[in-house]
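Visitor: Before I ask anything, here is the structure I am working with.
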Amino acid sequence: MSALQTEGTSTDKTDKKRSDKLGDKNDLRIKAIENGTVIDHITAGQALNVISILGGGENFTNTVSIVMNAGSSRGDKDVVKIEGRELTEKEVNAISLISPKATVNIIRDFEVIEKRKIQTPDYVCGIVRCINPNCITNSEPIESKFAVAADEKVKSLVLRCVFCESVMTEELIQFIE
Amino acid sequence: MRPMHHIISTREYTKEMFDEILELAELLEPIAKGEVKSKLLDGKVLALLFFEPSTRTRMSFETAMIRLGGQIINMGAVEASSIAKGESLSDTIRVVSQYADAVVLRHPREGAALMASEYTSAPIINGGDGAGHHPTQTLLDLYTIKRESRLDHLNIALAGDLKYGRTIHSLCYALSRYHSKINLVSPPELHLPDRIVDDLLKRDIEVNITTNMEDVIEDIDVLYMTRIQKERFPDPAEFNRVSNSMRITKELIQTAKPEMKIMHPLPRVNEISFDVDETSHAAYFKQAFYGVPVRMAILCKVLGMEDQVREGKL
Numbered sequence: 001m002s003a004l005q006t007e008g009t010s011t012d013k014t015d016k017k018r019s020d021k022l023g024d025k026n027d028l029r030i031k032a033i034e035n036g037t038v039i040d041h042i043t044a045g046q047a048l049n050v051i052s053i054l055g056g057g058e059n060f061t062n063t064v065s066i067v068m069n070a071g072s073s074r075g076d077k078d079v080v081k082i083e084g085r086e087l088t089e090k091e092v093n094a095i096s097l098i099s100p101k102a103t104v105n106i107i108r109d110f111e112v113i114e115k116r117k118i119q120t121p122d123y124v125c126g127i128v129r130c131i132n133p134n135c136i137t138n139s140e141p142i143e144s145k146f147a148v149a150a151d152e153k154v155k156s157l158v159l160r161c162v163f164c165e166s167v168m169t170e171e172l173i174q175f176i177e
Numbered sequence: 178m179r180p181m182h183h184i185i186s187t188r189e190y191t192k193e194m195f196d197e198i199l200e201l202a203e204l205l206e207p208i209a210k211g212e213v214k215s216k217l218l219d220g221k222v223l224a225l226l227f228f229e230p231s232t233r234t235r236m237s238f239e240t241a242m243i244r245l246g247g248q249i250i251n252m253g254a255v256e257a258s259s260i261a262k263g264e265s266l267s268d269t270i271r272v273v274s275q276y277a278d279a280v281v282l283r284h285p286r287e288g289a290a291l292m293a294s295e296y297t298s299a300p301i302i303n304g305g306d307g308a309g310h311h312p313t314q315t316l317l318d319l320y321t322i323k324r325e326s327r328l329d330h331l332n333i334a335l336a337g338d339l340k341y342g343r344t345i346h347s348l349c350y351a352l353s354r355y356h357s358k359i360n361l362v363s364p365p366e367l368h369l370p371d372r373i374v375d376d377l378l379k380r381d382i383e384v385n386i387t388t389n390m391e392d393v394i395e396d397i398d399v400l401y402m403t404r405i406q407k408e409r410f411p412d413p414a415e416f417n418r419v420s421n422s423m424r425i426t427k428e429l430i431q432t433a434k435p436e437m438k439i440m441h442p443l444p445r446v447n448e449i450s451f452d453v454d455e456t457s458h459a460a461y462f463k464q465a466f467y468g469v470p471v472r473m474a475i476l477c478k479v480l481g482m483e484d485q486v487r488e489g490k491l
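Residue numbers (my numbering), protein chains in the order written: chain Z, 1 to 177; chain A, 178 to 491.
Take a look at the structure:
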């Protein structure tokens, strides 16, 4: 990743860490951005997967800041800040599959101009690869499409391929690169 | 009336949707037998796209179309077509659907028919998509049960390979619309998948699971047998043991009700012994014939001719 920055890693920050755990929002370890998107309340540990969904790779030129396992009133969370970029609906839908409680804040001139909770959509298209190698979507130039449902037995999201009806639980989800 | 657009899967069909097609099939049966001549589909063209071998499905669609006065175009062998040059299915569908009023598609990949339906305005009829759906088989199975036994409150045994057989899976959902009691007879390795059993129970269907045919043979109205495939068993000795334990013989059915009918989607190998053929229980060859009126009904439906059938304008 060309412009990935993490800050505030010094070791003399025991008090600061405690204040993070207490949810002190003024003490986040990364600075405010002028224009772009802040994805907050990402499920702890999922920040790098969020970057991956956003196409993190050699061609990714935006400056990105990541905080992992930061304290908040809702427990540990990850935060990703992307400068100079607002997310598409498709990207937000993909993030919802791995982090349904995340929020997306659009920043312009250092101001939050829009703040919204991510909502898990009923369907996701062109984001996830079907787990069934014999599914038609794995051999034809067609967008994959999955119905999204919450499985109460396993307490996680379940995707059902609209084409072949294969069912995937969260841990089996493979995003299309 | 607006034609029913595509026939992709019967999974979500209601009882009324099934009944509508079965009633049309009954009206069309004299034509299927060649007793009445028809020009109902005169000028209509049906394209057959079979990417996998088929005997009964392909030939019964051909017969259905010809008996109704329509014409057929056939892609023929995959090796001799543009597919061999690497053409995608979506392109093939876009081209062929302009040559015909409806398309029957059989393809080895799950979801192929649904995908095809997104690329054309011509009705797509799913003739089998990999391990997915084979709706016209389900409809002809229901029709056979209706004609040879009864559909409501039926006591049926589904036997053989219940794990991999798409025919069985689709039939389970269809039978659940008629409040059937379903007995599942299979070796433990080939049990019906739990998710389907759960779905049946959610629909308040009485399900009985056993490994022994003798447990159910006296009580059932219909025995639906399927082939156990050798390749499902790594050990040939195990395959022989399992397939012998599931074999239907004349001796086994001696205690069955006189009106009990045996069905099989065919082809059979040795799961029904040949001496059963001569008994009044054998319904599997009639079942193969019933594919013709049922596929006629489907063609009339997707081509918007069902009112003419009901009005007797055959």
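C-beta: ideal position from N, C-alpha, C; glycine also.
Give the list of continuous beta strand (DSSP E) stretches no shorter than 3 residues that lie fully inside the region 107–153 of chain Z.
Guide: 111–117, 123–125, 145–151
Visitor: In angstroms with no decimal places, state the Cα-to-Cα distance between K434(A) and I397(A).
Guide: For this step, residue 434(A) is matched to residue 257 along the second sequence. For this step, residue 397(A) is matched to residue 220 along the second sequence. When rounded, the distance between both Cα atoms is 7 Å.
Visitor: Per DSSP, what kind of secondary structure is M494(A) in: helix, strand or coil?
Guide: Any question about residue 494(A) goes unanswered here, given that chain A covers just 178 to 491.
Visitor: Name, going along the chain, the residues of the region 275–301 of chain A whose beta-carbon falls closer than 7 Å to a beta-carbon of chain Z.
Guide: R286, E287, G288, A289, L291, M292
Visitor: Kindly identify the DSSP beta-bridge partner or partners of I243(A).
Guide: Taking the second sequence and counting its residues from 1, the one referred to as residue 243(A) is at position 66. According to DSSP, I243(A) bridges with nothing at all.
Visitor: Is it a yes or a no for the region 391–411 of chain A touching the region 438–450 of chain A, going by three-plus beta-carbon pairs under 8 Å?
Guide: yes
Visitor: Quick one: grab the DSSP three-state call for G468(A).
Guide: Within the second sequence, residue 468(A) is the residue found at index 291, counting from 1. If DSSP states are grouped into helix, strand and coil, G468(A) belongs with the helices.
Visitor: Rank Q248(A), K214(A), M252(A), L223(A) by C-alpha distance to the C-alpha of E229(A) and give the top, closest one.
Guide: Along the second sequence, one-based indexing puts residue 229(A) at 52. The shortest Cα separation from E229(A) among Q248(A), K214(A), M252(A), L223(A) belongs to M252(A).
Visitor: Note down, one range per segment and in chain order, each beta strand (DSSP E) of at least 3 residues found wholly within the region 326–366 of chain A.
Guide: 332–336, 358–362
Visitor: Taking contact to mean at least 3 C-beta pairs separated by less than 8 Å, is the region 460–473 of chain A in contact with the region 194–212 of chain A?
Guide: yes
Visitor: Quick test of the definition: if touching needs 3 or more C-beta pairs under 8 Å, does the region 263–275 of chain A touch the region 126–145 of chain Z?
Guide: Between the region 263–275 of chain A and the region 126–145 of chain Z, the count of Cβ pairs shorter than 8 Å is three or higher; the stretches touch.
Visitor: Going by DSSP, which residues form a beta bridge with N62(Z)?
Guide: For the purposes of this step, residue 62(Z) is taken as the residue at position 62 of the first sequence. Answer by DSSP bridge pairing: none, since N62(Z) is not bridged.
Visitor: Examine chain A for any beta-carbon lying closer than 9 Å to the beta-carbon of T169(Z), and answer yes or no.
Guide: Position 169 of the first sequence, counted from the first residue, corresponds to residue 169(Z). No, because no Cβ of chain A sits closer than 9 Å to the Cβ of T169(Z).
Visitor: Does any residue of chain A bring its CB to less than 9 Å from the CB of I176(Z)?
Guide: Position 176 of the first sequence holds residue 176(Z). Judged by the 9 Å Cβ criterion, I176(Z) is not in contact with chain A.
Visitor: So, at 8 Å on beta carbons, what are the nonlocal neighbours of S52(Z) in its own chain, with the 5 sequence-adjacent residues on each side left out?
Guide: Mapped onto the first sequence, residue 52(Z) falls at position 52. The answer, listed in chain order, is F175.
Visitor: On the criterion of 16 or more Cβ atoms from any shown chain inside 10 Å, does S65(Z) qualify as buried, or is it exposed?
Guide: Indexing the first sequence from 1 puts residue 65(Z) at position 65. Buried, by the Cβ-count rule.
Visitor: What are the residues of the region 244–277 of chain A that lie near chain Z, defined by any Cβ-Cβ distance shorter than 8 Å?
Guide: Of all residues in the region 244–277 of chain A, only S265, L266, S267 place a beta-carbon less than 8 Å from a beta-carbon of chain Z.
Visitor: Name, please, each residue of chain Z whose Cβ falls closer than 8 Å to the Cβ of G307(A).
Guide: Translated into the one-based positions of the second sequence, residue 307(A) becomes position 130. Near G307(A) (Cβ distances below 8 Å), the residues of chain Z are N134, C164.
Visitor: With a floor of 3 residues, list each beta strand (DSSP E) that falls wholly inside the region 289–320 of chain A, ordered by position along the chain.
Guide: Along the length of the region 289–320 of chain A, whole beta strand (DSSP E) runs at least 3 residues long occupy 301–306, reported in chain order.
Visitor: Is any beta-carbon of chain Z found at less than 9 Å from that of R372(A)?
Guide: Taking the first residue of the second sequence as position 1, residue 372(A) is located at position 195. Residue-level contact by beta carbon holds for R372(A) and chain Z, with a gap shorter than 9 Å.
Visitor: Can you find the residues in the same chain that come closer than 7 Å, C-beta to C-beta, to P285(A), ignoring five residues on each side of it along the sequence?
Guide: Walking along the second sequence from the start, residue 285(A) turns up at place 108. Only F228, E229, G307 meet the Cβ criterion.
Visitor: Using a Cβ-Cβ cut-off of less than 7 Å, give me the residues of the region 124–149 of chain Z that come near chain A, in sequence order.
Guide: N132, N134, C135, I136, T137, S139, E140, P141, I142
Visitor: Just to confirm, is the Cβ distance from L97(Z) to T120(Z) under 9 Å?
Guide: On the first sequence, residue 97(Z) is found 97 positions in, with the first residue counted as 1. On the first sequence, residue 120(Z) is found 120 positions in, with the first residue counted as 1. It is a contact, given that the beta carbons lie within the stated cut-off.
Visitor: Across which residues does DSSP place M402(A) in a beta bridge pair?
Guide: Numbered from 1 along the second sequence, position 225 holds the residue referred to as residue 402(A). Per DSSP, A336(A).
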